[in-house]
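Some notes on the structure that comes next.
Protein chains: 2
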Amino acid sequence: MSMTHTQSRFNSTLTSQCQNCSLSALCLPIALADEDINRLDQIIERKKPLKKGEFLFRQGEAFDSVYAVRSGTLKTFNITSVGEEQITGFYCPSELVGLSGIDSNVYPVSAKALETTTVCEIPFSHLEELSSQIPSLKHQLFKVMSRKISDDQQMMVLLGKKNADEKVASFLLNLSNRFKKRGYSASSFRLSMSRGEIGNYLGLAVETVSRVITRFQKNELIHVDGKEIEIVDFHEMQKLVGVASDCGKIARI
Amino acid sequence: MSMTHTQSRFNSTLTSQCQNCSLSALCLPIALADEDINRLDQIIERKKPLKKGEFLFRQGEAFDSVYAVRSGTLKTFNITSVGEEQITGFYCPSELVGLSGIDSNVYPVSAKALETTTVCEIPFSHLEELSSQIPSLKHQLFKVMSRKISDDQQMMVLLGKKNADEKVASFLLNLSNRFKKRGYSASSFRLSMSRGEIGNYLGLAVETVSRVITRFQKNELIHVDGKEIEIVDFHEMQKLVGVASDCGKIARI
DNA sequence: GCTATTTGCTGACCCAGATCAAGAGTTACA
DNA sequence: TGTAACTCTTGATCTGGGTCAGCAAATAGC
């Protein structure tokens with residue numbers, strides 16, 4: 001905002017600070033006092049950008065950090081016993097990746113960039129230590145993990161009970177919400193993942209994803225141009241997902 | 001173990017302590033020093049048993065506690081917009097229920113007893129406070145939540161990618177492991193949930209669950225008598241689930 | 001620029017598992 | 001102790017979405 005020239009000169013991508021990060025209102029610094037943000041800032045390492053297809057970490061590697069996405073998108077996935085990829089999540093800016101490694105001290109999934117992506121590395125031992133000193137940081141961490149648990153459970157419901165239309169509609173509305181939260185358009189956005197990756201994530205064949213998207217377009221629920229998506233009829237999409245009538249609960253994946 | 005008469009007189013179900021709890025080695029007290037267990041013990045309330053079908057908490061209620069199961073089994077579930085139940089998890093002794101409420105301060109699921117069940121109530125604000133003072137408790141909490149995240153992600157893989165045989169086999173082996181960890185037989189146990197609940201959880205129709213179980217029995221993988229299950233051929237069951245790294249997909253027996 | 005490879009779309013066909021139906025046990029409670 | 005209400009099983013049938021195949025369009029590599 002009101003940086004001196006000296007500060008701004010130092011704030012290259014790699015040295016930028018949480019205070020100046022447009023994501024701080026969504027990321028871990030939420031609800032932290034200025035001095036606390038500073039302390040958090042000091043344990044964070046800004047990494048150089050990952051190019052599309054590069055790994056952030058690999059399944060089985062020793063866990064030592066969680067990562068906040070700054071720009072771009074990541075996917076996490078397992079390799080099944082049959083050798084095929086199973087995507088377990090997509091991560092957008094401000095979201096935390098790697099939390100599932102805390103328990104076993106090993107990343108149980110791999111994380112790979114879907115496009116050019118920058119992340120902040122947060123060494124977990126430092127974060128844990130700092131969280132003892134800053135209760136609101138600890139609380140924030142518990143909240144982030146709790147949120148991940150309830151989101152994943154919603155995803156389980158989706159995978160277990162919903163049909164192809166509902167799955168794809170949920171997926172698109174979920175992305176829409178995530179874009180909106182970060183101040184981008186909720187109705188127009190670009191998919192950074194391929195149809196194949198969407199299908200893999202949703203438990204559908206590529207062809208099904210393709211057919212459903214085409215049909216949504218034909219029925220004027222959405223407008224599609226390659227990876228560009230515009231949600232035209234939010235109301236109908238939400239009905240498809242089965243949003244509860246009364247309360248304004250938004251479909252979460 | 002070596003309690004005085006006075007102590008034992010006070011240690012009814014409702015007043016028993018973490019120190020004397022056979023589950024302490026699996027539950028939160030793991031890796032806590034004796035004096036720390038005492039402090040944890042003081043914030044925990046033992047509740048009177050829930051009868052089968054009673055709620056521990058309901059979706060939408062204010063979140064204030066997590067619960068450790070002491071005996072019996074719970075299920076957690078959502079009610080979908082269509083009004084049907086969607087089970088998101090089963091909870092056995094030593095497991096923690098309610099963690100998904102931390103984020104929103106509201107339980108996003110309901111929890112109901114599948115049989116007579118006793119729990120320890122752990123008011124979360126106290127737990128959080130105590131965790132600031134006892135680093136190993138905080139670490140344990142992070143681990144439990146992280147574990148839940150990776151377990152749920154495994155469940156997502158199961159729901160999205162596996163067929164009926166693989167789902168049922170995974171489910172049975174998963175239960176088996178949980179019994180084993182608590183010192184019970186890994187091969188013989190009693191299902192506290194109905195076929196319908198298993199199907200609901202696994203994204204299968206009741207009829208399919210029933211048929212798969214019958215077929216497993218016919219092929220001498222398991223022996224079934226109502227809710228009593230005996231796993232006869234662990235090796236074949238594990239092959240079915242896909243633990244084997246090398247060999248390809250197992251043909252249906 | 002030109003080929004090679006990946007990504008997306010669509011049609012034809014098939015099958016795993018859902019749904020429907022019906023009977024036999026089991027459990028609950030009045 | 002009887003009966004209503006679940007729960008489980010099994011068979012018959014149907015169908016959503018998977019698989020296979022072929023082609024078009026977009027990207028990457030040379």
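Residue numbers (UniProt numbering), protein chains in the order written: chain F, 1 to 253; chain D, 1 to 253.
Note that the Cβ used here is the ideal one computed from N, Cα and C, for glycine as well.
Note that the coordinates shown come from a computational prediction; the quantities given were computed from them, not determined experimentally.
Check                                                                                                                                                                    : Outcome
With DSSP run on the structure shown, which of helix, strand or coil describes Lys161 (chain D)?                                                                         : helix
In terms of DSSP beta bridges, what is Asn78 (chain F) paired with?                                                                                                      : F:Gln86
With a threshold of 9 Å between beta-carbons, can Asp152 (chain D) be considered close to chain F, or not?                                                               : yes
Quick one: residues in its chain with C-beta nearer than 7 Å to the C-beta of Val109 (chain F), no 5 flanking neighbours on either side, listed in chain order?          : Gln59, Thr76, Phe77, Asn78, Thr88, Ser100
If distances are taken between C-alpha atoms only, which option among D:Leu202, D:Lys180, D:Ser188 comes closest to Asp225 (chain D)?                                    : D:Ser188
Pull the bridge partners of Ala31 (chain D) from the DSSP assignment, please.                                                                                            : Looking at the DSSP assignment, Ala31 (chain D) forms no beta bridge with any residue, so it has no partner.
Could you check what DSSP says for Val232 (chain D) in three-state terms: helix, strand or coil?                                                                         : coil
Provide the residue span of the beta strand (DSSP E) that contains Tyr67 (chain F), from first to last.                                                                  : 65–71
Under 9 Å between beta-carbons, which chain F residues line up against Arg147 (chain D)? List them in chain order, please.                                               : Ser100, Ile102, Asp103, Ser104
Could you give the distance in angstroms between the alpha-carbon of Gln86 (chain D) and the alpha-carbon of Phe234 (chain F)?                                           : 25 Å
If the cut is a Cβ gap below 9 Å, which residues of chain D does Met193 (chain F) touch?                                                                                 : None at all; the shortest Cβ gap to chain D is about 15 Å.
If you count every other CB in all the chains shown that lies within 10 Å of the CB of Leu83 (chain D), and 16 or more means buried, which is it?                        : Note that residue 83 (chain D) is Gly in the sequence shown, not Leu. Flag for Gly83 (chain D) reads exposed.
Measuring only the C-alpha atoms, how far is Ala244 (chain D) from Ile134 (chain D)?                                                                                     : Reliability fails at Ala244 (chain D), whose pLDDT of 43 lies under 50, so the model's placement of it is uncertain and no value is given.
Quick one: using the 10 Å Cβ neighbour count with 16 as the cut-off for buried, is Ala62 (chain D) buried or exposed?                                                    : exposed
Please list the terminal residues of the continuous beta strand (DSSP E) segment that includes Ser110 (chain F).                                                         : 110–113
Compute the beta-carbon to beta-carbon distance between Cys120 (chain F) and Arg46 (chain F), rounded to the nearest angstrom, for a pair I have assumed lies under 8 Å. : 6 Å
Could you check whether Lys167 (chain D) and Leu204 (chain D) sit closer than 9 Å to each other, using their CB atoms as the reference points?                           : yes
Taking a cut of 9 Å between CB atoms, which residues from the segment 127–139 of chain F lie near chain D?                                                               : Glu128, Glu129, Ser131, Ser132, Gln133, Pro135, Lys138, His139
Using a beta-carbon distance cut-off of less than 7 Å, what residues from the segment 75–99 of chain D approach chain F?                                                 : Asn78, Thr80, Ser81, Val82, Gln86, Thr88, Leu99
If I'm right that residue 287 (chain F) touches Arg70 (chain F) with Cβ under 8 Å, what's the distance once you round it to whole angstroms?                             : Since the first residue shown for chain F is 1 and the last is 253, residue 287 (chain F) is missing from the structure and cannot be characterised.
Which residues, in order along the segment 156–181 of chain F, keep a beta-carbon less than 8 Å from a beta-carbon of chain D?                                           : Met156, Val157, Leu159, Gly160, Lys161
Buried or exposed for Gly183 (chain D), please, with buried defined as at least 16 other CB atoms from any protein chain shown within 10 angstroms of its CB.            : exposed
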